[in-house]
DNA sequence: CCGGATCCGGTCTGATACTG
DNA sequence: CAGTATCAGACCGGATCCGG
């Protein structure tokens, strides 16, 4: 029997917590959007202008994904003309330790990084 | 002049710590390999068999990238036949807080995750 | 102008096959 | 065992276009 049964590798993607996180945020942009949300940005253009110009289709796609994942919430803050804003949900705010850990690592190991004006912790 | 000068967006990819980390590990597999290294795996086949079969070319590519980034070290543990092993460098071991933060988040927010037998903290 | 949607070329991913 | 080769298809990034 060459095919292994499910029991002999315990950390499939679906069961491993790290893999679960990476399935949601394992790309170059998602966590940068989360970072910008922590830094107080809320509107589409704010994200688009920050972080050396993320392509607009990628931005729209990621915002949708983050919204579906329940870490970002979209709401209208103006109806005429229609304008939206994006905010972190509690689930999204719980990602702060991940960003902080990354920031610490980069501060220690990557030369020339610029330190944040501290994430607004709430 | 349509092209904007470099000075008007402060958090370019090259200066933002988060972006720096994501440039190195911002994909679905790299941090899973790091995780496996923390869990004590050292050989190519160990990685290949873990994490629901990562394609072998991707694995080879990521190992090379991680090595070039200085977080993983490759050495021969046997010369006849030639066998290699991979180990975390101190720089790589400093990624533990990132993995822990992700694990915590998944444990809280993703259903059905299986908890690690605690990363071997050294 | 704002918030995307669409199109398109190019790069990267992933599955499998193959080699030393 | 430890990768490399190949190749189709997914995804990315840049530009442009469109409705409000």
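Protein chains in written order, with the numbering used here: chain Z, 1 to 122; chain S, 1 to 122.
For glycine and all other residues, C-beta sits at the position ideal for the given N, C-alpha and C.
No experiment lies behind these values; they were computed from the predicted model shown.
- Distance CB(residue 23 of chain S)-CB(residue 36 of chain S) smaller than 9 Å: no
- Message: Check whether chain S comes within 9 Å of residue 102 of chain Z, counting only Cβ atoms and requiring the distance to be less than that.
- Response: yes
- Item | C-alpha distance - residue 121 of chain S paired with residue 68 of chain Z, whole-angstrom precision | Low per-residue confidence applies at residue 121 of chain S: pLDDT is 48, beneath 50, and the placement is therefore not dependable, though the value from the model is reported in the following sentence. Residue 121 of chain S and residue 68 of chain Z: Cα-Cα distance of roughly 35 Å.
- Task: Say whether chain Z places a C-beta atom closer than 9 Å to the C-beta of residue 48 of chain S.
- Result: no
- Three-state secondary structure assigned by DSSP to residue 109 of chain Z: helix
- Please report how far the alpha carbon of residue 140 of chain Z lies from the alpha carbon of residue 109 of chain S, in whole angstroms. Any property of residue 140 of chain Z remains undetermined from this structure, which presents chain Z solely from 1 to 122.
- Name, in chain order, the residues that DSSP records as bridge partners for residue 72 of chain S. S/88
- Helix, strand or coil: which one does DSSP assign to residue 122 of chain Z? Model confidence at residue 122 of chain Z stands at a pLDDT of 44, short of 50, so the residue's coordinates are unreliable; what they give is reported in the following sentence. Note: residue 122 of chain Z maps to coil in three-state DSSP.
- To the nearest angstrom, report how far apart residue 43 of chain Z and residue 74 of chain Z are at their CA atoms. 10 Å
- Task: Give the straight-line distance between the Cα atoms of residue 55 of chain Z and residue 95 of chain Z, rounded to the nearest whole angstrom.
- Result: 24 Å
- Item | Members of the stretch 64-93 of chain Z that neighbour chain S once the beta carbon cut-off is set at 7 Å | 91
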